Structures are given as structure tokens and as C-alpha cells.
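In the working numbering, the protein residues as written are 4 to 103.
All C-beta atoms, glycine included, are put in the ideal place defined by N, C-alpha and C.
Keep in mind that this is a model prediction, so the values were computed, not measured.
Step one of this worksheet: look at the structure below.
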């Protein structure tokens, strides 16, 4: 069986205090904007990315790598519906019309 082809990945998690979805950036920080996410284009870069992203245990929890699609401008877009859903924020925001 042929090895699985590598897909571009980004590191994501949740802000420890606010709970917001955050994305690890190329500058080594965290952003709430997926367009600012650092993208790993091979296995070695992905290993480095998750190691650097995991170095913030007092700021971000649940850090993991997820596959992304690259748009025409080179920005990340979710490759899976779960990640697309996470970009919209918590389901208790008023615009989601959740009952009190």
C-alpha cells in the first residue's frame, strides 16, 4: 500500500481563558483569524509546527494539527466540516439564535 500523500496542515486549539478557537501563526503567536495561520507543507514542517504550538500550556489548550486547503492567495481554509464549524465561534453567540 502506498503511503498517504501529505496534506497541508495548521495548528489550532482553544484559548485557555476565553475558550475561543485560535490558530498558531508563522510569527510564533496565536490568532483568532484563520487567515493568519502558519501552514505546514510537509511532515517535517508539521512536526516543528506542533512542537512550537504546544509550548503555550498556560495560554492555549487542546492543540492539534488539522488538514487545510490552500486558497488562491495562499491562505488556509478548513478542509473538514468540523474545522469549518469551529471558525464560526461558539454556538451560544446571539447570531446563532440559541434559546436562553
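Practice task
With residue 54 as the anchor, note down where its alpha helix (DSSP H) starts and where it stops.
Solution key: Locating residue 54 in the chain shown gives position 51, counting from the first residue. 46-56 is the extent of the alpha helix (DSSP H) around residue 54.
Problem - Classification of residue 79 by the beta-carbon crowding that lies within 10 angstroms, buried from 16 upward - result: On the chain shown, position 76 is the one that residue 79 refers to. Answer is buried; the Cβ neighbour count reaches 16.
Exercise for the section: Compute the Euclidean distance between the alpha carbons of residue 33 and residue 7, then round it to the nearest angstrom. Expected result: Here residue 33 corresponds to residue number 30 of the chain shown, with the count starting at 1. Here residue 7 corresponds to residue number 4 of the chain shown, with the count starting at 1. The straight-line gap from Cα to Cα measures roughly 29 angstroms.
Practice task
With a cut-off of 8 angstroms on the beta carbons, I'd call residue 57 and residue 17 a contact; round off their distance for me.
Solution key: Here residue 57 corresponds to residue number 54 of the chain shown, with the count starting at 1. Here residue 17 corresponds to residue number 14 of the chain shown, with the count starting at 1. Not really, about 13 angstroms apart at Cβ, beyond 8 angstroms.
Problem - Where residue 42 sits in the DSSP three-state scheme - result: As a position in the chain shown, residue 42 is number 39, starting the count at 1. Coil.
Practice task
Name the two residues that bound the continuous beta strand (DSSP E) containing residue 18.
Solution key: For the purposes of this step, residue 18 is taken as the residue at position 15 of the chain shown. 12-18 is the extent of the beta strand (DSSP E) around residue 18.
Practice task
Could you check if residue 29 is buried or exposed, using at least 16 other CB atoms within 10 Å of its CB as the buried criterion?
Solution key: In the chain shown, residue 29 corresponds to position 26, counting from 1. It is exposed - the Cβ of residue 29 has fewer than 16 other Cβ atoms within 10 Å.
Problem - Boundaries (first-last residue) of the beta strand (DSSP E) holding residue 109 - result: Because residue 109 is not part of the residues shown, which for the chain are 4 to 103, the question remains open.
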